[in-house]
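For reference, the structure is listed below as structure tokens.
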Amino acid sequence: MSDYENYAKGSPLEVKVISKRFGIPNSASIDVYLQHDGYKALQKALGMKPDDVINEVKNSGLRGRGGAGFNAGMKWSFVPKQSSKPKYVVCNADESEPGTCKDRPLMEYDPHQLIEGILIAGYAIQSQQGFIYIRGEYRYLMEIVDRAIEEAYARGYLGKNILGSGFNFDLCTHTGAGAYECGEETALLNSLEGLRGYPRVKPPFPAVVGLYGGPTIINNVETLSNVPHIILNGAEWYAKLGTPKNGGTRLFCLSGCIARPGVYELPMGFPLRRMIEEVGGGVLGGKKLKGVIPGGSSCPVLTADEIDVAMDYDSVAKAGSMLGSGGVVVLDEDTCMVKVAQRIAKFYAHESCGWCVPCREGTAWLKNLLTRFHSGAGVEDDVDTGLDVALNILGKTLCPLGDAAAMPAISIFKKFRHEFEEHLRLGRCPYEKRTVSVA
Amino acid sequence: MLSDALKAKFDKIIARYPLKRSAIVPLLMFAQDEIGYVSDEAIEEIARRVEVRPIEVIEDIGYYSMLHRQPLGKYNIQVCTNVSCLLRGGEEILEHCSKKLGIGHKQTTPDGLFSLEEVECLGACCGAPAMQVNYDFYENLTPQKIDALIEKLRSDGAKKSP
Ligand SMILES: Cc1cc2nc3c(=O)[nH]c(=O)nc-3n(C[C@H](O)[C@H](O)[C@H](O)COP(=O)(O)O)c2cc1C
Ligand code: FES
Numbered sequence: 051m052s053d054y055e056n057y058a059k060g061s062p063l064e065v066k067v068i069s070k071r072f073g074i075p076n077s078a079s080i081d082v083y084l085q086h087d088g089y090k091a092l093q094k095a096l097g098m099k100p101d102d103v104i105n106e107v108k109n110s111g112l113r114g115r116g117g118a119g120f121n122a123g124m125k126w127s128f129v130p131k132q133s134s135k136p137k138y139v140v141c142n143a144d145e146s147e148p149g150t151c152k153d154r155p156l157m158e159y160d161p162h163q164l165i166e167g168i169l170i171a172g173y174a175i176q177s178q179q180g181f182i183y184i185r186g187e188y189r190y191l192m193e194i195v196d197r198a199i200e201e202a203y204a205r206g207y208l209g210k211n212i213l214g215s216g217f218n219f220d221l222c223t224h225t226g227a228g229a230y231e232c233g234e235e236t237a238l239l240n241s242l243e244g245l246r247g248y249p250r251v252k253p254p255f256p257a258v259v260g261l262y263g264g265p266t267i268i269n270n271v272e273t274l275s276n277v278p279h280i281i282l283n284g285a286e287w288y289a290k291l292g293t294p295k296n297g298g299t300r301l302f303c304l305s306g307c308i309a310r311p312g313v314y315e316l317p318m319g320f321p322l323r324r325m326i327e328e329v330g331g332g333v334l335g336g337k338k339l340k341g342v343i344p345g346g347s348s349c350p351v352l353t354a355d356e357i358d359v360a361m362d363y364d365s366v367a368k369a370g371s372m373l374g375s376g377g378v379v380v381l382d383e384d385t386c387m388v389k390v391a392q393r394i395a396k397f398y399a400h401e402s403c404g405w406c407v408p409c410r411e412g413t414a415w416l417k418n419l420l421t422r423f424h425s426g427a428g429v430e431d432d433v434d435t436g437l438d439v440a441l442n443i444l445g446k447t448l449c450p451l452g453d454a455a456a457m458p459a460i461s462i463f464k465k466f467r468h469e470f471e472e473h474l475r476l477g478r479c480p481y482e483k484r485t486v487s488v489a
Numbered sequence: 014m015l016s017d018a019l020k021a022k023f024d025k026i027i028a029r030y031p032l033k034r035s036a037i038v039p040l041l042m043f044a045q046d047e048i049g050y051v052s053d054e055a056i057e058e059i060a061r062r063v064e065v066r067p068i069e070v071i072e073d074i075g076y077y078s079m080l081h082r083q084p085l086g087k088y089n090i091q092v093c094t095n096v097s098c099l100l101r102g103g104e105e106i107l108e109h110c111s112k113k114l115g116i117g118h119k120q121t122t123p124d125g126l127f128s129l130e131e132v133e134c135l136g137a138c139c140g141a142p143a144m145q146v147n148y149d150f151y152e153n154l155t156p157q158k159i160d161a162l163i164e165k166l167r168s169d170g171a172k173k174s175p
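Residue numbers (my numbering), protein chains in the order written: chain A, 51 to 489; chain B, 14 to 175.
Next comes the structure, spelled out in structure tokens:
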């Protein structure tokens, strides 16, 4: 179980759509779900033409919450109508991007919302089977979702002839076993087929050739959890919650040096500065802000001067970073940016699957260079060498894990060069080691 | 020997997939949960059931960080030191555990009760610093909370072992 307070602390600025049932006693049970509009959207969708469901989702401006931000309805529309092989829906619940912990409360407090979203996606692309790929560490969540799936079968929301519509759909969970790379959609498919989680070459894209060679849509937990609300309340309502081309709300995970860490549901386009100051209660201990990682550890860091940005995909991209997975990590004035770069590099070196050379070698080089540098044994050329290594990973790898490693490193080398120089001058790290700070 | 309950679970899981080998990783995880590690016998049994060669099962084991061929401590303490936890003292928590237990990363205490691991983001960033003991999450950690937990696990562990 998780400590509810960490994941649903609440703020008056929140706009609750997918988190609206968090906090209701027994919110994970089907009875409570049915009392709160549960499975009404499915009923409605089953009375629509599959293409109309796809169009509704497309027009809502719902973009993928897993990281890349692709329009979900658009992705579904790439699935061929006729297929000799079965089609599949795969829910990505691998949640492993450092700084991200939002799929967790969605599965813990509202698993039926996710199941309903998957069912509607399945109906839209005319698939009969789905899988929820859950990271191995989330065992207690898998048990919660398994229980919900059982309930849904028992009440006729899963299985044959759902709600008398003639639509059949089977769903089960699948546990991972510790591998960040398995969150990448094609590596996930290989993993789900019982192979090592190495990425596949695209194209063909999974929507055309995916699981077991059949057309497959892969969507994040949060993406799919939004679908029932779009069907029930309409594309226009959903689109209006956010900004143009960025429909709806988003779960933001505020963590790091922040007074009130937590998962908050805010409208797409909510200003980052207000998110930190008003929603999160400001920097922990009243310290000064140094920077923000806006969307999980693979995003370029924004400096304290760059936080006047609306948190939607297009605005954050314009500011030179990414909205990514919604993991907003706050860095205060006492944060050593060399250490942050080193820890992030260590992560990617550990998680590189080793399949392609620029990623396997490049991430190891970055980690070794930054570890040596932070320990006080840096030399003057290191920053340029590090930058060169990172730039030679960027855009040269089979899957985007290489880019995920390169982008934060490049931003820190460039924007915080003075901190590297300070380490060189002193021959050691000028910052104190972080100790436990209680809010 | 794998228990009958586990074998029944294997059958149920394999039946979910259009392709049997899809079940390899879940079966390995459940076997490991029961035995404490992935034994040779488990590999043979899983390979036979999903109709692949044992080497293909072994290939998977090498890829996934949660699967291991040796027993760990009864309580495997996994401390996150990734960025959100780092900023809230994750490294101090790791060091504290290490001192308290007298073991380092990927080591096990001589009595077999505890093992320690520095891990990547656990998805508990808003409750940083965080760790998992086996599958249970512990968040907003302090050295005091660690001390109390380890004492509790020590007495639980002593009680339950035969
Ligand atoms: C290395 C890597 C790790 C990823 N990890 C995750 C993950 O844990 N969860 C997730 O939903 N998407 C993850 N993604 C993104 C997926 O590849 C994919 O874009 C996503 O599941 C699509 O769903 P969406 O469109 O609903 O976001 C990852 C991508 C990469 C390159
Ligand atoms: S960074 Fe430690 S749990 Fe996410």
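Even for Gly, the Cβ is constructed at its ideal location relative to N, Cα and C.
So what's residue i in DSSP terms, helix, strand or just coil?
{"i": "A141 (chain B)", "result": "coil"}
{"i": "Q504 (chain A)", "result": "Past the boundaries of the shown model lies residue 504 (chain A); chain A is included only from 51 to 489, so the question cannot be answered."}
{"i": "V259 (chain A)", "result": "coil"}
{"i": "A285 (chain A)", "result": "helix"}
{"i": "I26 (chain B)", "result": "helix"}
{"i": "I308 (chain A)", "result": "strand"}
{"i": "F150 (chain B)", "result": "strand"}
{"i": "F120 (chain A)", "result": "coil"}
{"i": "G214 (chain A)", "result": "helix"}
{"i": "L238 (chain A)", "result": "helix"}
{"i": "R113 (chain A)", "result": "strand"}
{"i": "N56 (chain A)", "result": "helix"}
{"i": "A143 (chain A)", "result": "strand"}
{"i": "T266 (chain A)", "result": "strand"}
{"i": "T122 (chain B)", "result": "coil"}
{"i": "E164 (chain B)", "result": "helix"}
{"i": "E130 (chain B)", "result": "strand"}
{"i": "Y248 (chain A)", "result": "coil"}
{"i": "G172 (chain A)", "result": "helix"}
{"i": "C110 (chain B)", "result": "helix"}
{"i": "R101 (chain B)", "result": "coil"}
{"i": "E430 (chain A)", "result": "coil"}
{"i": "R422 (chain A)", "result": "helix"}
{"i": "G209 (chain A)", "result": "strand"}
Which same chain residues end up closer than 6 Å to residue i when comparing Cβ atoms and leaving out the 5 residues on each side of it in sequence?
{"i": "G49 (chain B)", "result": "P84"}
{"i": "N218 (chain A)", "result": "Q178, K210"}
{"i": "E201 (chain A)", "result": "I80"}
{"i": "S215 (chain A)", "result": "L96"}
{"i": "K396 (chain A)", "result": "K417"}
{"i": "M170 (chain B)", "result": "Note on residue identity: the sequence assigns Gly, not Met, to residue 170 (chain B). Cβ within range, chain order: K87, L126."}
{"i": "V407 (chain A)", "result": "none"}
{"i": "G167 (chain A)", "result": "L274, S275, V277, P278"}
{"i": "A1 (chain B)", "result": "Nothing in the structure corresponds to residue 1 (chain B), since chain B is present only between 14 and 175."}
{"i": "A229 (chain A)", "result": "G247"}
{"i": "F466 (chain A)", "result": "M387"}
{"i": "G180 (chain A)", "result": "V139, I168, G172, L221"}
Which one or two residues does DSSP pair with residue i in a beta bridge?
{"i": "D382 (chain A)", "result": "A:L339"}
{"i": "L221 (chain A)", "result": "A:G180"}
{"i": "V320 (chain A)", "result": "It is worth fixing the name first, because residue 320 (chain A) is Phe in this sequence and not Val. Its beta-bridge partners are A:M361."}
{"i": "R467 (chain A)", "result": "R467 (chain A) is not bridged to any residue."}
{"i": "S461 (chain A)", "result": "S461 (chain A) pairs with nothing; no bridge assigned."}
Who are the Cβ neighbours of residue i in its own chain at under 8 Å, not counting the five residues just before and after it?
{"i": "R246 (chain A)", "result": "N240, C403"}
{"i": "E69 (chain B)", "result": "R34, I37, A60"}
{"i": "F470 (chain A)", "result": "V388, F423, G428, D432, V433, F463"}
Give every residue of the same chain whose Cβ lies closer than 7 Å to the Cβ of residue i, excluding the five residues on either side of it in the sequence, and list them in chain order.
{"i": "K59 (chain A)", "result": "R310, G312"}
{"i": "R66 (chain B)", "result": "A60"}
{"i": "I165 (chain A)", "result": "A198, I199, A202, L221"}
{"i": "K22 (chain B)", "result": "F43"}
{"i": "E356 (chain A)", "result": "A369"}
{"i": "A414 (chain A)", "result": "A399"}
Threshold first: 4 residues or longer. Then list the alpha helix (DSSP H) segments lying entirely within the stretch 361 to 409 of chain A, N to C.
Complete alpha helix (DSSP H) runs here, min 4: 363 to 368, 387 to 401.
Mind pulling the alpha helix (DSSP H) runs of 4 or more residues that sit fully within the stretch 37 to 97 of chain B?
Taking only runs of at least 4 residues, the alpha helix (DSSP H) segments lying wholly in the stretch 37 to 97 of chain B are 37 to 48, 53 to 63, 67 to 76.
If the cut-off is 7 Å on Cβ atoms, which residues from the stretch 71 to 86 of chain B count as contacting chain A, listed in chain order?
Result list: E72, D73, Y76, Y77, S78, M79, L80.
Against chain B, which members of the stretch 148 to 160 of chain A pass a CB distance test of less than 8 Å?
Going along the stretch 148 to 160 of chain A in chain order, one finds P148, G149, T150, C151, D153, R154 with a Cβ nearer than 8 Å to chain B.
Listed in chain order, which residues of the stretch 116 to 142 of chain B have Cβ atoms closer than 7 Å to some Cβ of chain A?
Listed by position along the chain: E133, C134, L135, G136, A137, C138, C139, G140, A141, P142.
Which residues of the stretch 302 to 329 of chain A have a Cβ closer than 8 Å to any Cβ of chain B? Give them in chain order.
Flagged, chain order: C303, L304, S305, G306, C307, P311, G312, V313.
Select from the stretch 370 to 386 of chain A all residues with a C-beta closer than 9 Å to any C-beta belonging to chain B, and list them in chain order.
Within the stretch 370 to 386 of chain A, contact with chain B at the beta-carbon level (separation under 9 Å) is assigned to G377, V379, V380, L381, D382, T385.
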